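Top to bottom, those sequences are chains A and B. So the first sequence is residues 1 to 444, counted in my numbering. So the second sequence is residues 1001 to 1302, counted in my numbering. Note that beta-carbon positions come from the ideal geometry of N, C-alpha and C, so glycine has one too. Since the model is a prediction, treat every value here as computed from it, not as a measurement. Reviewing the structure listed below.
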Amino acid sequence: MPYKRSGLSRRGYLKGAAAVGAATTLAGCALLDDDIGDEGDVDGIPDEPFRIAHLTFESGPPAFYGEEAANAVDMLVDQINDDGGLIGEREIEIVDRIDEDAGPDSLISDVQSMAQEGDVDMMMGIISSAHALAVAPEANDQQLPFLVTIPGTYQLYEENPDMDYVVRTCGTNAAGAIGGVRMVEQMDDVETVMTHDHDYAWGHDHQEMFTSALEQVRPDIEVIDSRYTDLGETDYSAHVSAIADAEPDLLFSSLWGGDTATFVSQGVDGGMFDAVGEALLVGDTGAPLLRNLGPDMPENVWLGGRGGYQPNYRYDEDDGHQAFVDDYYDQYDQLPGWGAYHEWVALQALEQGIERAVSIIGDWPNDEQLMASMHDLSFETPHGQHTMRGPQAAAPAVFGRPTDDHDFPVDHQLPTDFEFIAAADVNPPEDVPTMDWVDEIEPL
Amino acid sequence: MPIGTFLGIAFDGLYFAALLFFASIGLTLVFGILNLLNMAHAAFYGFGAYLAVWTLNNIGDVTTSTVVLLAILVLAIPIVVFVLSAALDKSVFAPLYDIEPVYQLLATFGVILMLDDIIKFIWGASPISVDAATDPSRQLGSIELLGSSVSAYRSFVILIAVLCAVGLYLMFVKTKLGKISQAMSEDYEMVQMLGINVNRVRVLIFSISVALAALGGALFVPFAVAAPSVTLDYVLLSFAVIVIGGLGSLKGVVVAALLIGMVRSLGIAFFPAIELAIVFALMAVVIIFRPEGFFGHRGVVE
C-alpha cells in the first residue's frame, strides 16, 4: 500500500453520509441496503479508467511548485493503479496536463471544451489563486468536477458559496497569514514590523490579514512599512537595502515560488538578515526554497505556512508520510515540497471520498455525488487529521527554523524546531467571512 | 538621513545605473553611428543573462574558481556574442539599415519576439538561478566600504561598467575605428566616398554594441535570476535611458543611467509603491522640456 489510509472518524463518517445523502435521494435508499461497503459487490464501476486532467504551472515562476505537483501526481497515480486503482477497482489515467501559464482565458476555454467533449471525469490541480477564481466557477457552471489542490485565496468560496462541483483540499491563505500573526504574538521582543509581499491580490490579501490581525492581538507592535514587488521581479536590491536600513524587529513576507528564493538570496547578499531581528516567510516555503538556496539560509528565519508540509515534519511518527517522502526521493532524487504535498493530500481525499460514496450508495458515484463525498472528510496527514469543513479544508499552520542538522540524504538545510498552530486558531469559524473575523480576532 | 542609509541608496543606484548602462549603451551607439533604431538591442541583454546562467551551471564540474567564473562573464560570453552578432548583422540586420526608422522599429520589435521565443525554446520559461557553487556573487561575499557592508560582486559590476565607459570614450577619441565611427555618425556617405570599408566598420560597431549588452546580462545574472521578463523590462528601461540622455550620445547614456539608477533607488527607499512611475515621469518631463534629451544632436562623444 503506498501510504497509510487511516479509518474515518465516526463523526466524520456520519457528516459525510449526511452530505452525500443531501446530494442525492438515492443515497437515502442505499443506506438501508444491507450489502453496502463490500467492494466486490459494487455494480456499475465503469470499465474505462477514471480520467483526470491535471492543471499546473509547467512554466513561469510558479513552475517552482508545478514541477513537483506533476511529479507527485504521476508517482501517486502509478501507486494507486498498482493497487488496482480507486477502491482497488478502477484505474486512474492522467489524460491531459494543462499549463496554467497560458492564463485564465485559455484555461476557461479548456474547461468549456473538456465539458463539451466529455472526455474527462475530473479536473484537478491549479496553483494560482487568480486562476482558481476564474476557472472554478466556470467548471461548476459546466458541471465538470474540479478538485482544487493548491491555491489558497480565501475568496474562492466566500465569493462563490454554492459550487457543488468544486472541492478544495488545501487550506486558505488565512492559515499562512494568521499563522504568522500567532507566531509574532509569542515574540516578546518585537516592536517594529515590515512587510514585503507581491503586488497583486495574493500579496495584498496577506498584508491586510497580517497587519489587521496583528493590530488586534498585539496593538503594541508598529507596522512601519509595507512593500510590494511584482511577480517575477529579478532585482530586490534596493528593497533589501531599505529593509536592512530600517532594521525592523520582524520582517513578514508572503512572497512565494522562485521569487522568495531570489528575494532571500539577494537579502543574504545585502546583509538584510543581519539587520532584521526575525524573518517570517509564510509563502508556502520550506524544502524547495532551502534546496534552491543551498547553504545560504540565515538562521533567524521562520519558514512555513498553511499545512505541515515539510519532509522532516513528523516523519518518524507517521508511516504514511515516511513512505511518501521515501518514494518521492527514490523516484526524483529530491525531497517533496509544497506542490507535491498538496497533490498527495488531494489524491487521498479523492480515494477516501470515492470509498465512502461507494460504501454508502453501493454504486459508482455520479459527478455530484463524487464531489459531495469529499465534503467534511478527515484523514491523516503530516500535520495530523486533515479536516475538510464542507467543500474545503481548514489547515493548521506549521513553521520551522532552517538547520543543517538532519539525517536526510540531501545537502541543503531543512526546517526544525517546529511550531504547530491548530487550524481553529488560524481559520475563521465556519460561515464567518475571513476579513470580518480578522478584524475582531482574539489573542490566544 | 544617516550617512549609512545614504551610502546604501547610492550604492544600489550606482549598481542599477551600471546595468542600465550596459543595456542601453549599444542602442545609442548603433543609432548614433549606424542610424539604426534597434529595439531588439536589450533583448541581447536577456540573451547574455541566459548564456551566463547556463554556462555557470554547467561548469561546476570543471572549476569553481572565482577568477575563472568572472573571466567567463566578462570575456568569454561577450566574445561569443560578438562573433554571433557579426553573423546576425550580415543576415538579419543588414536589410534594415536602409529603411525608414518606423519600419526599423517594427522590424526590430519582431526580432525581440523571435529572440524571446528562442530563449524560451532553449531554456524554458521558468526562471533559472545560478548554482550556489559557481555563483561568484556568493563566493565574493561582502566588503566593508566607508563603514557599511556592500556586496563585493556588485562593486565589481560597477567597476566593469566604469572601465567600459572609459574604454569606449578612449576608443572614440584615440583609435582610427573610433574616428571613422564619429565621422560616420556625422556623414555616412562622405566616409563611404573616402574609400573606407563602411560595412566592416558597421559590423564591428554593431557587434561591439551587442556584446556590451550581453556583457551586462551576464554580469546581472549571478546576483539575480534569468527570467523571460528580463528582456522586455530592459528594452523599456533602455529606451527611457536614451530618451533622457539623448539619442546617439555616449555621455547621455552615462548621465541618464546614473540619473535613473539614483531616482529608482531613492524611489524604492522612500516611495516604493510608485518606483516605476517616478522613472517614467522623469522621462515624460524630459520629453516635454527637452525633446532631444540632455545630449541629443551632438555626436557620440561630444
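Assign residue i to one of three DSSP states: helix, strand, or coil.
i                   : result
Pro-415 of chain A  : strand
Glu-185 of chain A  : helix
Phe-408 of chain A  : coil
Gln-392 of chain A  : strand
Phe-1022 of chain B : helix
Ser-241 of chain A  : helix
Tyr-228 of chain A  : strand
Phe-1280 of chain B : helix
Glu-278 of chain A  : strand
Thr-434 of chain A  : helix
Ser-378 of chain A  : strand
His-204 of chain A  : helix
Leu-55 of chain A   : strand
Gly-1261 of chain B : helix
Met-194 of chain A  : strand
Glu-215 of chain A  : helix
Asp-1012 of chain B : helix
Phe-50 of chain A   : strand
Glu-93 of chain A   : strand
Phe-1270 of chain B : helix
Ala-397 of chain A  : strand
Glu-442 of chain A  : coil
Asp-199 of chain A  : coil
Val-166 of chain A  : strand
Classify residue i as buried or exposed, calling it buried when 16 or more other Cβ atoms lie within 10 Å of its own Cβ.
i                   : result
Phe-1022 of chain B : buried
Met-122 of chain A  : buried
Leu-1163 of chain B : exposed
Thr-260 of chain A  : buried
Ser-128 of chain A  : buried
His-1297 of chain B : exposed
Asp-1233 of chain B : buried
Phe-1271 of chain B : exposed
Gln-186 of chain A  : exposed
Tyr-1103 of chain B : exposed
Phe-379 of chain A  : buried
Ile-126 of chain A  : buried
Thr-387 of chain A  : buried
Met-297 of chain A  : buried
Closest Cβ-Cβ distance between residue i and chain A: below 8 Å?
i                   : result
Asp-1098 of chain B : no
Ile-1268 of chain B : yes
Tyr-1015 of chain B : yes
Pro-1136 of chain B : no
Val-1225 of chain B : yes
Val-1263 of chain B : no
Ser-1209 of chain B : no
Ile-1278 of chain B : no
Ile-1118 of chain B : no
Ser-1126 of chain B : yes
For chain B, find out if any of its Cβ atoms is closer than 8 Å to the Cβ of residue i; answer yes or no.
i                  : result
Arg-227 of chain A : yes
Asp-245 of chain A : yes
Thr-56 of chain A  : no
Ser-241 of chain A : yes
Ala-349 of chain A : no
Gln-207 of chain A : no
Could you check if residue i belongs to the surroundings of the ligand FMN, using beta carbon to heavy atom distance under 7 Å?
i                   : result
Leu-1113 of chain B : This structure lacks the ligand FMN; in fact it carries no ligand of any kind.
For the putative contact between residue i and residue j, defined by C-beta atoms under 8 Å, what is the C-beta separation to the nearest angstrom?
i                   : j                   : result
His-1041 of chain B : Leu-1027 of chain B : 4 Å
Met-209 of chain A  : Val-438 of chain A  : 5 Å
Ala-175 of chain A  : Ala-323 of chain A  : With a Cβ gap of about 25 Å, Ala-175 of chain A and Ala-323 of chain A do not count as contacting.
Val-1092 of chain B : Ile-1205 of chain B : Their Cβ separation, rounded to whole angstroms, is 16 Å, which puts Val-1092 of chain B and Ile-1205 of chain B out of contact at 8 Å.
Pro-402 of chain A  : Leu-231 of chain A  : That belief does not hold up - the Cβ atoms of Pro-402 of chain A and Leu-231 of chain A are roughly 24 Å apart, past 8 Å.
Ala-393 of chain A  : Gly-171 of chain A  : 5 Å
Residues of chain D with CB closer than 9 Å to the CB of residue i, please, in chain order.
i                  : result
Ser-128 of chain A : Looking at the structure shown, chain D is missing, and the protein chains on hand are A and B.
Length-filtered (3 minimum) beta strand (DSSP E) runs lying within the stretch 98-160 of chain A: Runs of the beta strand (DSSP E) inside the stretch 98-160 of chain A: 122-125, 146-148.
As an exercise, report each continuous beta strand (DSSP E) stretch of at least 3 residues that is fully enclosed by the stretch 1178-1257 of chain B, in chain order. Segments of the beta strand (DSSP E) lying fully in the stretch 1178-1257 of chain B: there are none.
Considering only residues of the stretch 1058-1119 of chain B, which uninterrupted alpha helix (DSSP H) runs meet the minimum length of 4 residues and lie entirely inside it, listed in chain order? Taking only runs of at least 4 residues, the alpha helix (DSSP H) segments lying wholly in the stretch 1058-1119 of chain B are 1066-1071, 1077-1088.
Fully enclosed by the stretch 1131-1182 of chain B, which alpha helix (DSSP H) runs are 4 residues long or longer? 1136-1140, 1152-1174, all fully within the stretch 1131-1182 of chain B.
Please go through the stretch 1030-1060 of chain B and give each complete alpha helix (DSSP H) segment of 4 or more residues, from N-terminal end onward. Taking only runs of at least 4 residues, the alpha helix (DSSP H) segments lying wholly in the stretch 1030-1060 of chain B are 1043-1058.
Restricting to runs no shorter than 4 residues, where is the alpha helix (DSSP H) found entirely within the stretch 296-364 of chain A? If we require 4 residues or more, the alpha helix (DSSP H) runs fully inside the stretch 296-364 of chain A come out as 319-332, 338-361.
Pick out the complete alpha helix (DSSP H) segments inside the stretch 243-269 of chain A, 4 residues or longer, and give them in chain order. Uninterrupted alpha helix (DSSP H) stretches at least 4 residues long and entirely within the stretch 243-269 of chain A occur at 258-269, given in chain order.
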